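For the protein sequence lines, the chains are B and R, in the order given.
The working numbering puts the first sequence at residues 1034 to 1147.
The working numbering puts the second sequence at residues 549 to 662.
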Amino acid sequence: NAGVTQTPKFQVLKTGQSMTLQCAQDMNHNSMYWYRQDPGMGLRLIYYSASEGTTDKGEVPNGYNVSRLNKREFSLRLESAAPSQTSVYFCASNLGTAYSYEQYFGPGTRLTVT
Amino acid sequence: QKEVEQNSGPLSVPEGAIASLNCTYSDRGSQSFFWYRQYSGKSPELIMFIYSNGDKEDGRFTAQLNKASQYVSLLIRDSQPSDSATYLCAGGPLRGSSASKIIFGSGTRLSIRP
């Protein structure tokens, strides 16, 4: 099993450009998450999907949109990139039952906006 | 104020000694706790989770939870240079809850010196 995969691994955008970060998991997990990690800030939740067909805002949703394409895939879109969105983006998933909250992370996407 | 607080470190420990990492949380609704290890440039990796008061041991790692004091710790016995990493503490909901988010602290950087 590949676990959680993310594409691309690295990306450089100019201000105003758009892009979509892709995430897929093969663990039959119900819940999926998008985080950003900045130096000294820890992991901050952008959006999450508790189950297929649902999405909710996290702590820092502004400037982002998400799509839960199916049970396996959860994408994050930046419509008009800004330098403040320079960060490392992690996708995570978990079983999504009431007795399992452990999250498993993908390898991350390093995004630079110039 | 972040809901999960950690000393950012760096915490420097000699090889073979016990490393003690601490975490406090402000939300009494947090009832499940997780420790993640993150090597530089890599994604967080789950190493321990604990739901009940007391100690939980797994190999060289022991997680300790004190809900009355709102305090979680991770002890690493016989510290090795390979333990040098940032350790993230996270708090989640009461087991059995339908909520699915966990909140991360900013992490403590641990350095094991030979």
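Think of the CB as a built atom: it goes at the ideal place given N, C-alpha and C, for glycine as much as any other residue.
Quick caveat: nothing in here was measured; it's all calculated off a predicted structure.
Runs of the alpha helix (DSSP H) lying entirely within the segment 1071-1135 of chain B, each at least 4 residues long, are absent. R:Ile651 is bridged by DSSP to R:Gly639. Taking 7 Å as the upper bound on Cβ-Cβ separation, chain B lies near residues Ser591, Pro592, Leu594, Phe597 of the segment 586-597 of chain R. Secondary structure of R:Pro629 (DSSP, three-state): helix. Not flagged as an interface residue toward chain R: B:Ser1113, since no C-beta distance is shorter than 7 Å.
At least 7 Å separates the CB of B:Glu1085 from every CB of chain R. Look at the segment 587-634 of chain R and you find these whole runs of beta strand (DSSP E), each 3 residues long or longer: 593-598, 602-606, 609-614, 619-624. Proximity of the segment 1093-1103 of chain B to the segment 560-569 of chain R falls short of the contact definition, fewer than three beta-carbon pairs being nearer than 8 Å.
Judged by their CB atoms, B:Thr1038 and B:Ala1057 are nearer to each other than the 7 Å cut-off. Taking 7 Å as the cut-off between beta carbons, the residues of the segment 1071-1097 of chain B near chain R are Gly1073, Met1074, Gly1075, Leu1076, Leu1078, Tyr1081, Ala1083, in sequence order. Against chain B, the CB of R:Phe652 has a partner CB under 7 Å away; the residue lies at that interface. Counting only Cβ-Cβ distances below 7 Å, B:Glu1135 has contacts in chain R at Phe582, Leu594, Phe597, in chain order. With contact defined as three or more Cβ pairs closer than 8 Å, the segment 1065-1085 of chain B and the segment 1041-1051 of chain B are not in contact. Taking C-beta atoms under 8 Å as the contact rule, B:Met1065 and B:Ser1117 fail to qualify, at a distance of about 24 Å. Below the 7 Å Cβ cutoff, chain B contributes Tyr1134 as neighbours of R:Gly640, in chain order.
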